[in-house]
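In our numbering, the protein residues as written are -11 to 198. For every residue, glycine included, the Cβ atom is placed at its ideal position computed from N, Cα and C. Fair warning: this is a prediction, and the values are worked out from it, not measured in the lab. Following: one structure in structure tokens, then a few remarks.
Quick look at the structure:
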């Protein structure tokens, strides 16, 4: 009995020590739980700094972040040149000035070649036109619009010749070139006023050989 009284006097006894231990353990548990809850919050605040960043794909195609990689911008292709020949389309189309220097209708656009072996058509005096280098020419006289490539091919096969042709403001010609392409030449402008005239401008279309 005396021993118990002495322990009570020194430290409150066994019960008090046990109670203090229980409080200390409970406090430690609360602190540990608070730290465990605080760690994710601190981690997420660091991640917020990366918001809006674009992730670049690796060589294998995978990304290291959740944000999708920005696709490369597409640069529109340039428009095709007048000499381009899409499937079923003309080799060249446009206005062509013709004078006494022969032009090669198989070039795009038709180029001046003088009287070389690649020349196809040229002008004579008095607004006459002639062919060169095995080129065949036929006039289109059918009503109802301009001929297409098949129409021109048929009329050249039937009426085509190497003879000179007298031009007027309404003349439409079908030509088979030295490389067997088909051309349609419609007079757009014509020199007037004398026998020395030898210039004409044509609305021209050249189609590939059949």
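| Query | Result |
| --- | --- |
| Go ahead and label residue 198 buried or exposed: buried means 16 or more other beta carbons lie within 10 angstroms of its beta carbon, across all protein chains shown. | exposed |
| Short check: CB of residue 88 to CB of residue 108, under 7 Å? | no |
| By the three-class DSSP mapping on this structure, what secondary structure does residue 68 have? | Bear in mind that the predicted position of residue 68 carries a pLDDT of just 36, short of 50, making it unreliable; the figure below should be weighed with that in mind. If DSSP states are grouped into helix, strand and coil, residue 68 belongs with coil. |
| Tell me which residue opens and which closes the beta strand (DSSP E) that residue 118 is part of. | 116 to 119 |
| How many Å lie between residue 173 and residue 128 at the Cα? | 10 Å |
| Near residue 192, which residues of its chain fall below 6 Å by C-beta distance, leaving aside the five closest residues on each side in sequence? | 84 and 173 |
| Looking at C-beta atoms only, is the number of pairs between the region 88 to 103 and the region 129 to 149 that lie closer than 8 Å three or more? | no |
| For residue 183 and residue 112, which I take to be in contact (beta-carbon distance under 8 Å), what is that distance rounded to the nearest angstrom? | Rounded, the Cβ-Cβ distance is 10 Å, inconsistent with contact. |
| Pick helix, strand or coil for residue 139, following the three-state DSSP scheme. | helix |
| Residue 52 by DSSP, collapsed to three states: which one? | Bear in mind that the predicted position of residue 52 carries a pLDDT of just 42, short of 50, making it unreliable; the figure below should be weighed with that in mind. It is coil, neither helix nor strand. |
| May I ask you to report which of helix, strand or coil DSSP gives residue 145? | helix |
| When the Cα of residue 179 is compared with those of 157, 171, 162 and 194, which residue comes out closest? | 157 |
| Decide if residue 92 is buried, meaning its Cβ has at least 16 other Cβ atoms within 10 Å, or exposed. | buried |
| Alpha carbon to alpha carbon, how far is residue 195 from residue 149? Give it in angstroms, no decimals. | 19 Å |
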